[in-house]
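2 protein chains.
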Amino acid sequence: MINYKKHLENVIESILHKNGLSFLLVFSPSNIFYVTGSDAPSALVISQNGEVSALVTRLEYVRAVSEMRLGEAYAFTKQDEVSEYEKIIKGDLYEAIAQIVGSGEKIGIVGGSLELKDQLKGKLNRELADYTKEFYLLRRSKDDEEVRLMEQASRIAEQALRRAIDLIEPGVTESELAGEILRVIVSSGAEPSFPPIVAFGEHSAHPHAKPSLKKLMRGDLVKIDLGAKYQGYCSDMTRTFVYGDPSEKQKKIYRAVLRAQEASIDAVKEGVKAKDIHMIAYNVLKEEGLSAYFNHGLGHGVGIDIHEEPYLNSQSETELIVGDVVTIEPGVYLAGYGGVRIEDMLLVQRGTSRTLTFFTKDIAL
Amino acid sequence: MINYKKHLENVIESILHKNGLSFLLVFSPSNIFYVTGSDAPSALVISQNGEVSALVTRLEYVRAVSEMRLGEAYAFTKQDEVSEYEKIIKGDLYEAIAQIVGSGEKIGIVGGSLELKDQLKGKLNRELADYTKEFYLLRRSKDDEEVRLMEQASRIAEQALRRAIDLIEPGVTESELAGEILRVIVSSGAEPSFPPIVAFGEHSAHPHAKPSLKKLMRGDLVKIDLGAKYQGYCSDMTRTFVYGDPSEKQKKIYRAVLRAQEASIDAVKEGVKAKDIHMIAYNVLKEEGLSAYFNHGLGHGVGIDIHEEPYLNSQSETELIVGDVVTIEPGVYLAGYGGVRIEDMLLVQRGTSRTLTFFTKDIAL
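As you go down the protein sequences, you meet chains A and B in turn. Counting with the UniProt record's numbering, you get residues 1 to 365 for the letters of the first sequence. Counting with the UniProt record's numbering, you get residues 1 to 365 for the letters of the second sequence.
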């Protein structure tokens, strides 16, 4: 069970107290989930004393009340007629926030679009200091329980992949395998972290292929990228296989990608620059004459969001911290031929890393 | 097959020519899909002569090329090393747009966040007139082929619901039914238009319940809300049943919601105000003493997006137009007891409407 109280304490200490804020306003479903265990509220107002008021639409109110592990939920509405079970604050979202913060002096904000911030500043008639970066730093550093959920999410995804592979035979479609993956993930009480990618043959050259009615043929590359989200935390993993006997060209590409992945995984630990890890994979592919076909970043952070900080690419100056969970997923994509991507999810530790995804990496099915 | 050329002509005539624009910039995946048949590009630049340049990340380039039914795709990148199969424009997205529009005088924009518009104005050093509203009006009016795809999407969703109902027995979980729904939708070559909602018993009081490991018991309300997205176009439908013999209270709520739905469906036709249709359902529920538990709008437009204009709620002044496809979905939710929602999707016509969803509305399974 996630210790949401600890998450809240982190936010209060590292953001409210440190910066002398009266209130912190939190927007975006995943930021709100990090503090409360529910993504149903539209906004949180956290006071310097640690009181959490969640502002919720009437539509999401009952779900918020049942999911929230801390704080008080209020439905905001302009309607007069409401039910007996709703605690109401009269007004739109901005008016509701204004009522809670009152004359509070220094107010901070996390998340929210420019539109929202503009509206809010107008309503509150005060400047809002932005602490989104500081909040994301807290979210990056996963505690033991968060890691445990991400491991469970990985086990569910691996089971789904195994079941999908059981269905493999000539003529099976990408869509059938993707459908089975979704069935297993959702039946297990999880959600997909993203729509699974299943791509055969030359279709695997699309890094983000959408599953289609394309049928499997002997000799096809089979690329499958999938993840589960379990109790709010995501997993992410990609495997590529050949159905039948791999050709020399397929083997050469596969080995190059695997070598790039292994070399960059070896470098993952606290304090290393994200772009340096990207470049290790890039340089292996460069040696193989394949770097022009590695057309994306090496990886990304994973947590409540499937893509979150830190991002690992050729530009990223961020240093990895203990508790970061990141993917390492080099890929090579040849238009009209096919693509190979191999992806694992790793926990960053002091001096090393721990792999959270375990499915076999054999090229043959 | 959607006639994307016709969609483009509509945009050129009603927006570019009518307002004397040199170029129109189009953002957001569904707006881009409406013109090209692909949601892979990050932006489109449409010239007054009807040339369409799609700006795509390197990651999405191959998919864009294979999906786009018109226009030319260019990968924008700052990298020097690219593959032989990519047509490249050097620079970030804003620089790439600046290169295409050159000294073009009057430039319009559709979609895009405030952040994006601010950045773009800075880079282009010109004002951008916003035509998002005009573009959405074009998207609202579905042509025959768009309607045909939404009917096919509805047939796929209905088949998925039938298969899920086949699995119903005491002890089956919400997650198992949701998993089967996803399997059928995705295996058919479609995608879910949204994660299906399956809620038993008091859980059905959450309008947007997430499927859980809750087990079915005799006498439970069973609320299922699902949709498929087929070749880019969505369907949406909700059914509520009782497993076993319905109680008097369940029957009373069910009949009230059904009567509210039927009365508002009868009013759907060209020229009617959206809020007037909402109020018909509201007033039926008011007569039954249930209106305080109808905590959301009556419906919404459906098309490339699962939620799009027009919105049907107590505030909406919009008048329905021929070709609008809208949902009619009154609901009553009693916290701690359960909820009933019944939803169909309708095509707005002159003087009448046509229902696009056909699943039985019996209260008993």
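Don't be surprised by glycine CBs; every beta carbon is placed ideally from N, CA and C.
Assuming R69(A) and Y136(A) make a contact with CB atoms under 8 Å, what is their CB distance in whole Å? Here the question's residue 69(A) lines up with position 69 in the first sequence. Here the question's residue 136(A) lines up with position 136 in the first sequence. 21 Å between Cβ atoms; not a contact.
Please report the straight-line C-alpha distance between S38(B) and V26(B), rounded to a whole angstrom. Here residue 38(B) refers to the residue found at position 38 of the second sequence. Here residue 26(B) refers to the residue found at position 26 of the second sequence. Spanning the two alpha carbons is a distance of roughly 13 Å.
So is A190(A) buried or exposed if we call it buried at 16+ other beta carbons inside 10 Å? The residue you call residue 190(A) lines up with position 190 of the first sequence. Classification of A190(A): buried, given that the 10 Å Cβ count is 16 or more.
Is there a Cβ of chain B sitting closer than 8 Å to that of R58(A), yes or no? What you label residue 58(A) is simply residue 58 of the first sequence in a count that begins at 1. Between R58(A) and chain B, the shortest Cβ-Cβ separation is below 8 Å.
Length of the line joining the Cα atoms of D276(B) and A260(B): By 1-based counting over the second sequence, the position of residue 276(B) is 276. By 1-based counting over the second sequence, the position of residue 260(B) is 260. Pairing D276(B) with A260(B), the inter-Cα distance amounts to about 13 Å.
Coil, strand or helix - I321(A) by DSSP: For the purposes of this step, residue 321(A) is taken as the residue at position 321 of the first sequence. Coil.
If you reduce the DSSP assignment to three classes, tell me which class I97(B) lands in. Along the second sequence, read from residue 1 onward, the residue named residue 97(B) stands at position 97. Looking at I97(B) - three-state DSSP - the assignment turns out to be helix.
Is there a Cβ from chain A that is less than 8 Å from the Cβ of S291(B)? One-based indexing of the second sequence puts residue 291(B) at position 291. So, interface residue.
By the criterion of Cβ-Cβ separation under 7 Å, what are the contact partners of P207(A) in chain B? For the purposes of this step, residue 207(A) is identified with residue 207 of the first sequence, where counting begins at 1. Ordered by position in chain B, the residues that pass the 7 Å Cβ test against P207(A) are L59.
8 Å Cβ cutoff, L298(B) in contact with chain A: Counting from one through the second sequence, the residue named residue 298(B) turns up at place 298. Not one chain A Cβ lies under 8 Å of L298(B).
At least 3 beta-carbon pairs within less than 8 Å: the stretch 193-202 of chain B vs the stretch 220-227 of chain B: yes
Given this structure, state the Cα-to-Cα distance separating Y61(B) from E72(B), to the nearest angstrom. Translated into positions along the second sequence, residue 61(B) becomes position 61. Translated into positions along the second sequence, residue 72(B) becomes position 72. Their backbone Cα atoms lie some 11 Å apart in a straight line.
Less than 8 Å between the C-beta atoms of L290(A) and A256(A), yes or no? By 1-based counting over the first sequence, the position of residue 290(A) is 290. By 1-based counting over the first sequence, the position of residue 256(A) is 256. Cβ distance < 8 Å, so L290(A) and A256(A) count as in contact.
How long is the line joining the alpha carbons of L76(A) and A281(B), rounded to whole angstroms? As a first step, residue 76(A) must be located in the first sequence, where it is residue number 76. As a first step, residue 281(B) must be located in the second sequence, where it is residue number 281. Note on identity: in this sequence residue 76(A) is Phe, with Leu being the wrong assignment. Taking the straight line from one Cα to the other gives about 22 Å.
In the stretch 330-364 of chain B, which residues sit with their C-beta less than 9 Å from some C-beta in chain A, listed in chain order? Y333, L334, A335, G336 and G339
Identify which residue in D144(A), Y337(A) and G179(A) has its Cα closest to the Cα of M1(A). Counting from one through the first sequence, the residue named residue 1(A) turns up at place 1. Comparing Cα-Cα distances from M1(A) to each of D144(A), Y337(A) and G179(A), the minimum goes to D144(A).
What is the residue span of the alpha helix (DSSP H) that E67(A) lies within? Within the first sequence, the letter at position 67 stands for residue 67(A). From DSSP, the alpha helix (DSSP H) with E67(A) extends over Y61 to E67.
Coil, strand or helix - R173(A) by DSSP: Here residue 173(A) refers to the residue found at position 173 of the first sequence. Here residue 173(A) is Thr; the residue named in the question, Arg, does not match the sequence. In the structure shown, T173(A) sits in a strand (DSSP, three-state: E or B).
Cβ-Cβ separation, G299(A) to E329(A) (assumed contact under 8 Å), whole Å: Position 329 of the first sequence, counting from 1, holds the residue named residue 329(A). Position 299 of the first sequence, counting from 1, holds the residue named residue 299(A). Yes, they are in contact, since the Cβ atoms of E329(A) and G299(A) sit about 5 Å apart, within 8 Å.
Thinking Y85(B) and A54(B) are a contact (beta carbons under 8 Å), I'd like their distance in whole angstroms, please. The sequence position of residue 85(B) within the second sequence is 85, counting from 1. The sequence position of residue 54(B) within the second sequence is 54, counting from 1. With 8 Å as the limit, Y85(B) and A54(B) do not qualify as a contact, their Cβ atoms being about 16 Å apart.
Run the CB neighbour count on G122(A), radius 10 Å, all protein chains shown included, and call it buried at 16 or more, exposed below. Locating residue 122(A) in the first sequence gives position 122, counting from the first residue. Its Cβ having fewer than 16 others within 10 Å, G122(A) is exposed.
Short-range partners of chain A found in the stretch 181-212 of chain B, where Cβ spacing is below 9 Å: I181, L182, R183, V184, I185, V186, S187, S188, G189, A190, E191, P192, P195, P196, H203, A205, H206, P207, H208, A209, K210, P211 and S212
Grab the span of the beta strand (DSSP E) containing H278(A) for me, first residue to last. Along the first sequence, one-based indexing puts residue 278(A) at 278. From DSSP, H278(A) is part of no beta strand (DSSP E) but of the alpha helix (DSSP H) over A274 to E287.
Using a threshold of 8 Å, state whether the C-beta atoms of G106(B) and L21(B) are closer than that. In the second sequence, residue 106(B) corresponds to position 106, counting from 1. In the second sequence, residue 21(B) corresponds to position 21, counting from 1. Checking the sequence, you will find Lys at residue 106(B) rather than Gly. Less than 8 Å divides the Cβ of K106(B) from the Cβ of L21(B).
CB-CB under 7 Å to R126(A), same chain, minus the five flanking residues each way: which ones, in chain order? By 1-based counting over the first sequence, the position of residue 126(A) is 126. Cβ neighbours of R126(A) beyond the five flanking positions: I107.
Span separating the alpha-carbon of L149(B) from that of Y233(B): Here the question's residue 149(B) lines up with position 149 in the second sequence. Here the question's residue 233(B) lines up with position 233 in the second sequence. Between L149(B) and Y233(B), the C-alpha separation is close to 6 Å.
If we ignore side chains and look at the alpha-carbon of each, how far apart do S316(B) and A274(B) end up? Translated into positions along the second sequence, residue 316(B) becomes position 316. Translated into positions along the second sequence, residue 274(B) becomes position 274. Each residue's alpha carbon lies about 6 Å from the other.
Examine the Cβ distances between the stretch 11-20 of chain A and the stretch 41-52 of chain A and report whether three or more of them are shorter than 8 Å. yes
Rounded distance between the beta-carbons of R341(B) and T238(B), thought under 8 Å: For the purposes of this step, residue 238(B) is identified with residue 238 of the second sequence, where counting begins at 1. For the purposes of this step, residue 341(B) is identified with residue 341 of the second sequence, where counting begins at 1. Right, the Cβ-Cβ distance comes to about 5 Å (below 8 Å), so this counts as a contact.
Around the C-beta of F241(A), are 16 or more other C-beta atoms found within 10 angstroms, so that it is buried, or is it exposed? Position 241 of the first sequence, counting from 1, holds the residue named residue 241(A). Burial call: buried.
Whole-number beta carbon distance between S113(B) and L258(A), since they are thought to touch under 8 Å: Here residue 258(A) refers to the residue found at position 258 of the first sequence. Here residue 113(B) refers to the residue found at position 113 of the second sequence. Not quite, the Cβ-Cβ distance comes to about 39 Å (not below 8 Å), so this is no contact.
Which of helix, strand or coil DSSP assigns to M1(A): Here residue 1(A) refers to the residue found at position 1 of the first sequence. Coil, per DSSP.
Between the stretch 147-171 of chain A and chain B, which residues of the former have a C-beta closer than 8 Å to a C-beta of the latter? none
From S30(A), A164(A), S187(A) and K6(A), pick the residue whose C-alpha is nearest to that of I306(A); which is it? Here residue 306(A) is taken as the residue at index 306 of the first sequence, counted from 1. Comparing Cα-Cα distances from I306(A) to each of S30(A), A164(A), S187(A) and K6(A), the minimum goes to S30(A).
Taking 8 Å as the CB-CB limit, is R63(B) close to chain A? Residue numbering aside, residue 63(B) sits at position 63 when the second sequence is read from its first letter. Yes, R63(B) lies at the interface with chain A (some Cβ there is under 8 Å from its Cβ).
By the 8 Å beta-carbon criterion, what residues does the stretch 93-122 of chain A contribute toward chain B? S113, L114, E115 and D118
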